[in-house]
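*Asks:* Sending over a structure as C-alpha cells; questions will come in a sec.
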Amino acid sequence: MLESVLALEPGPGPSAAVLAADEAYWRATASDGTAAERIARAEAGIEQIGRIAMTAYPDEQSDIRQLNESLHLLVGALKGSG
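Going by the working numbering, the first residue of the sequence shown is number 3, and it counts up by one from there.
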C-alpha cells in the first residue's frame with residue numbers, strides 16, 4: 003500500500019489567481035509605514051483581491067474573497083488606533 007501512495011503524482015499546485023491573491027494579501031498586510039500608509043495599502047489590497055477573485059475559477063472565488071476579511075479587520079483596527 004505504501005508503494006502505491008508513493009507512486010502517486012502530486013496534484014496540481016495553486017492556480018495563478020490564488021498565487022496572485024496570496025501575493026496581494028502579503029503586500030497589503032506589510033507592517034511597515036505609518037497607520038495612514040498601512041490603511042491605504044490594505045484598502046488597495048482589498049480592491050486588488052476583489053478584482054482577482056472576479057477572474058478566478060468559480061470554485062476559488064470564495065476562498066480568495068475571504069482574504070479580504072482580515073484586511074477589513076486590519077483597516078478597522080488601524081483607523082481605531084489613529
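Idealized CB from N, CA, C, for every residue including glycine.
Keep in mind the model is a prediction, meaning the values are calculated, not measured.
#1: So what does DSSP say about residue 22, is it helix, strand or coil?
#2: Give the straight-line distance between the Cα atoms of residue 76 and residue 33, rounded to the nearest whole angstrom.
#3: In three-state terms, what does DSSP make of residue 17?
#4: What are the boundary residues of the alpha helix (DSSP H) that includes residue 60?
*Replies:* Reading it off the structure:
#1: If you number the sequence shown from 1, residue 22 lands on position 20. Residue 22: helix per DSSP, three-state reduction.
#2: Stepping through the sequence shown from its first residue, residue 76 is reached at position 74. Stepping through the sequence shown from its first residue, residue 33 is reached at position 31. Their Cα atoms are separated by approximately 11 Å.
#3: Working through the sequence shown from its first residue, we reach residue 17 at position 15. Residue 17 carries a coil assignment under DSSP once its states are collapsed to helix, strand and coil.
#4: Locating residue 60 in the sequence shown gives position 58, where the first residue counts as 1. Counting along the chain, the alpha helix (DSSP H) containing residue 60 begins and ends at 60-83.
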